[in-house]
Structures are given as structure tokens and as C-alpha cells.
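**Q** Those letters in the sequence shown? Residues -21 to -1, 1 to 334, per mature numbering (1 follows the signal peptide of the UniProt record, and there is no 0), in order. From the three backbone atoms N, C-alpha and C, an ideal C-beta is built for every residue, glycine too. Quantities reported herein were computed from a predicted structural model and do not represent experimental measurements.
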Amino acid sequence: MERQTCLILVIFTCLIASFCGRELQVKHNHKVAVYNHTLATILVEYASAVYVSDLTELFTWTCERCNGLTKGFEVIELVVDIENCLQAFVGVAKDLNAVVISFRGTQESSIQNWIEDLYWKQLDLHYPGMPDAMVHYGFYSAYHNTTIRHGILHAVKEAREFYGDLNIMVTGHSMGGAMASFCALDLTVNHEAKNVQVMTFGQPRIGNAAFASYYAKLVPNTIRVTNDHDIVPHLPPYYTYFPQKTYHHFPREVWLYNLGLGSMVYRVEKVCDGSGEDPTCSRSVRGNSVIDHLSYYGVDLKCQEWRSCRIVMDPRVSEYGKTDLKGNFILSRAPATSVLKTNTLSNGEEVKASA
Ligand SMILES: *[C@@H]1O[C@H](CO)[C@@H](O)[C@H](O)[C@H]1NC(C)=O
Ligand SMILES: *[C@@H]1O[C@H](CO)[C@@H](O)[C@H](O)[C@H]1NC(C)=O
């Protein structure tokens, strides 16, 4: 008797689950992104370095965070949007044969507040040229309607004119991941860039299912890494009941989590399905951790200290800069022309070196 009741309950639950679980599927793309662990551990260091607020160290690639797997990177342009507290750089990684573009995440005084706000973000902008595709205006405009976009596009052009047809790799953490996605799409759609590769860490959702579908077709070589219980990839929320109205991630997620107990814990890197919203990946757990948001692959993804838009710069480095009326500025140099060293800077000398 009891078994029967139980069976009925199970069948009933399955029915409800399959009914409610129907989701709008993002169309699969044949060119799928291949997850490369080694590349992830390199790109996460670029995503970490862009948080450095000492612009001299960042521009000359002498910061503490610039010394690991990214050694030898040549920064071509460093864009700082003071007005909106944004930071990004473009440079050439010869070992990757690529232009690397990296965007910083939010640097508000409280990351907690920034995360709480994410619950209420509306899909309030029609993405230009893509019927039915809706995105969040704030994320979109952080890339499109600030000094960032112009600076990035200019540097990518310079790098490719000098070095030839390099690959383009775009990365970023958190809000920086959202900007990286818009940048990759912009390069592909508006600037005829081919094979743009994207890897983001702990990025929020940025658009609806229609947008995710366009994105997946246009920038198929995208990996969206999520870490354990990181709260940010769960936001803005995904509502299964309103598949047309809700935010929807694009593929392909790679979910990092721990398996096992006590001393027998394994780190798993799970490559998820092509839907963008694989229910067996980060969505299978509650997103309730800020700590998991701030460190990926053991690399810190935050400023050394939370201060609002603080920057430090050697006045001599500012010779490489252009400042606009609002105080936003861009540090840039022609590819491979001069290599500044911090120690020679302090002597007031400039060392020219050929690459
Ligand atoms: C993974 O990326 C690294 C670094 O770019 C590269 O050296 C390696 O060949 C790649 N592995 C595969 C299997 O593509
Ligand atoms: C871009 O931002 C400025 C303020 O920084 C605003 O006045 C303008 O309306 C925005 N433009 C668009 C197209 O959203």
C-alpha cells in the first residue's frame, strides 16, 4: 500500500518536473568551444591583473600579479574611465600569439551592494540589429557608452597592424566578464574580427534567450567559468516559468566544484551542455557565496583593497596618456616601440629597447 502511494508520488513528481522543466533551448552550434585548462589558468591571471590600481606597474607590466604565467606581456593600451570607475587593457601575449583584452569587474566600495542590485536588473535594451534580443542597459553601456570601447578598438587595430593577424582573446571577471562578452560580440559583428575567443570568470547573466542564441552563433568560442557556489552567475535570476522574459546565459559553462569529503576532496572542472543553462552545473547548487566569487583557480580577483576608483600613477608615465575633459584617460604606446622600466623611471630616464 505504502509502496503504491510512493510510486504514484514519484510519477506525479516526475510529471510536474518535466512540465515545469521545459525551457527555451538555445540552438546548438556545431563549432563548440573546447575547454583548455592551461589557457584558463593563464587568462585568469590577466583577469586578475586588471584590478591593479598602480597604473605605472600595470602599464609597464611589473606588478606582482604580472609576474606569473603572463610574464613578458606587452601592454599597448590601458584605458581608465574615471567617470564610471572602469578599467581595461589591451596588449600582446606572444606566447599565446594573441591580442589579450581584459576588463576589470566592479570596484564599488561594497561588492555586497553591487550583488544585491543584480537581483533587480531589468532586460531594458533591445540589442541593436538582433530582433527579440534583450540585454541589460547598464552592462551594455559600460562597454558601449564609455571611453572603454574606443580605446579598446583603437589598440586592437594597432596591434594587428603591427603584428599581423593575431588571435583575439577577451577576458574579464564579474562585471568585467559582462563587458568582455559585449566587446567580443562588437569585434565580431562590427569589426569583422574572426575567431574571437572569450573566457570569463563569474560573470552575471547579461541578456535573454534570444540574445544568448545570437551570441552563441556569433562567438561560439566562448567559455564561461563558474566557481562552486559563486552567487554572481546566478544573477540576475533565471525564472524557468517565464522562458521568454527571463535572463538566460549563453554557452559554454565550465563549472568548478569540489567532490568528496574530508581529506578525499577532488577538484572537478565540469564542461557543461550547450544550452547555457545546464541544470547539472552551477544551477544544481545554491548561489550563496561571495568568497567563491573572488577567487578562481586560486587566483585573487579583486583589488588589494576596496577603495572607490583609486588610481596611482608615476607622473612620467602620464606622458603616455591622453586625458579628456572628464578626467578619463588612456595610456598607450605603439607596439614594440619602447619598454619602460619602473626603476629607470625613478631615475628620470627612459629606456628605449627594440623587441
Ligand atoms: C591549451 O592552451 C595552451 C596555452 O595556450 C597551449 O599551449 C596548448 O597547446 C593548448 N592545448 C590544447 C589541447 O589545445
Ligand atoms: C551615454 O551616456 C551619457 C552619460 O554618460 C548619456 O547622457 C547618453 O544619453 C548615453 N547615450 C546613450 C546612447 O545611451
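By Cβ distance, which residues of its chain are closer than 6 Å to A72, with the 5 residues on each side in sequence left out?
**A** Locating residue 72 in the sequence shown gives position 93, where the first residue counts as 1. Residues of the same chain with a CB within less than 6 Å of the CB of A72, apart from the 5 flanking positions on each side, are F52, V79 in chain order.
**Q** So, T201 versus F161, is the Cβ gap smaller than 8 Å?
**A** For the purposes of this step, residue 201 is identified with residue 222 of the sequence shown, where counting begins at 1. For the purposes of this step, residue 161 is identified with residue 182 of the sequence shown, where counting begins at 1. It is not a contact, given that the beta carbons lie outside the stated cut-off.
**Q** Look up D33 in the DSSP assignment and say whether it is helix, strand or coil.
**A** Residue 33 sits at position 54 when you count from the first residue of the sequence shown. In the structure shown, D33 sits in a strand (DSSP, three-state: E or B).
**Q** Would you say the beta carbon of residue 404 comes nearer than 7 Å to a heavy atom of ligand 1?
**A** Because the chain in this structure spans residues -21 to 334, residue 404 falls outside the shown range and cannot be described.
**Q** By Cβ distance, which residues of its chain are closer than 6 Å to V59, with the 5 residues on each side in sequence left out?
**A** On the sequence shown, residue 59 is found 80 positions in, with the first residue counted as 1. Contacts found: Q66, F308.
**Q** Where in the stretch 157 to 230 do unbroken runs of the beta strand (DSSP E), each at least 3 residues long, occur, reported from the N-terminal end onward?
**A** Runs of the beta strand (DSSP E) inside the stretch 157 to 230: 175 to 180, 201 to 206.
**Q** What are the partner residues of H152, as DSSP defines its beta bridges?
**A** On the sequence shown, position 173 is the one that residue 152 refers to. Note: H152 sits in a beta bridge opposite F180.
**Q** What I want to know is whether the C-beta of I21 ends up closer than 7 Å to one or more non-hydrogen atoms of ligand 1.
**A** Numbered from 1 along the sequence shown, position 42 holds the residue referred to as residue 21. Yes, the Cβ of I21 comes within 7 Å of a heavy atom of ligand 1.
**Q** Looking only at C-alpha atoms, which of D257, Y142, N169, M178 sits nearest to A315?
**A** Taking the first residue of the sequence shown as 1, we reach residue 315 at position 336. Among D257, Y142, N169, M178, the Cα nearest to that of A315 belongs to Y142.
**Q** Per DSSP, what are the beta-bridge partners of A121 in this structure?
**A** Stepping through the sequence shown from its first residue, residue 121 is reached at position 142. Note: A121 sits in no beta bridge, so no partner.
**Q** For K249, which residues does DSSP report across the bridge?
**A** In the sequence shown, residue 249 corresponds to position 270, counting from 1. Answer by DSSP bridge pairing, in chain order: W234.
**Q** When the Cα atoms are used, what is the spatial distance from L273 to S89?
**A** On the sequence shown, position 294 is the one that residue 273 refers to. On the sequence shown, position 110 is the one that residue 89 refers to. Their backbone Cα atoms lie some 13 Å apart in a straight line.
**Q** In the DSSP assignment, what residue or residues form a beta bridge with Y142?
**A** Counted from its first residue, the sequence shown places residue 142 at position 163. Beta-bridge pairing links Y142 to no other residue.
**Q** Please output, in chain order, the residues near ligand 1 using a CB cut-off of less than 5 Å to any non-hydrogen atom of the ligand.
**A** N15, T17, L18
**Q** Under the assumption that Y106 contacts V114 (Cβ atoms under 8 Å), give the Cβ distance between them as a whole number of angstroms.
**A** Start at 1 with the first residue of the sequence shown, and residue 106 comes out as number 127. Start at 1 with the first residue of the sequence shown, and residue 114 comes out as number 135. Contact between Y106 and V114 holds, with the beta-carbon distance rounding to 5 Å and staying under 8 Å.
**Q** Return the Cβ separation of Y119 and L104 in integer angstroms, given the expectation that the two are a contact with Cβ distance under 8 Å.
**A** To locate residue 119, count along the sequence shown from 1; it is residue 140. To locate residue 104, count along the sequence shown from 1; it is residue 125. Sure, about 6 Å apart at Cβ, within 8 Å.
**Q** Within its chain, find whatever has a CB closer than 6 Å to the CB of L214; leave out the 5 residues flanking it on each side and keep chain order.
**A** Your numbering for residue 214 matches position 235 in the sequence shown. So the qualifying residues of the chain are L97, P183.
**Q** Near V291, what residues of its chain come up, given a Cβ to Cβ distance below 8 Å and the 5 sequence neighbours on each side ignored?
**A** Taking the sequence shown and counting its residues from 1, one reaches residue 291 at position 312. These residues qualify, in order along the chain: S32, D33, L34, T35.
**Q** For residue 367, does the count of other Cβ atoms within 10 angstroms reach 16, so buried, or fall short, so exposed?
**A** Summary: the structure shown does not reach residue 367, with the chain confined to residues -21 through 334, and so no result is reported for it.
**Q** Using only the alpha-carbon positions, how far apart do L310 and E43 sit?
**A** Position 331 of the sequence shown, counted from the first residue, corresponds to residue 310. Position 64 of the sequence shown, counted from the first residue, corresponds to residue 43. Whole-angstrom Cα-Cα distance: 20 Å.
**Q** Would you mind giving the Cβ-Cβ distance between V204 and M178, rounded to the nearest angstrom? I have them listed as a contact below 8 Å.
**A** In the sequence shown, residue 204 corresponds to position 225, counting from 1. In the sequence shown, residue 178 corresponds to position 199, counting from 1. V204 to M178, Cβ: 7 Å. Contact.
**Q** Measure the C-alpha to C-alpha separation of V135 and A26 and round it to an integer number of angstroms.
**A** Here residue 135 refers to the residue found at position 156 of the sequence shown. Here residue 26 refers to the residue found at position 47 of the sequence shown. Roughly 17 Å between the two C-alpha positions.
**Q** Tell me whether K50 is buried or exposed, calling it buried when 16 or more other Cβ atoms sit within 10 Å of its Cβ.
**A** Here residue 50 corresponds to residue number 71 of the sequence shown, with the count starting at 1. Exposed, because fewer than 16 other Cβ atoms sit within 10 Å of the Cβ of K50.
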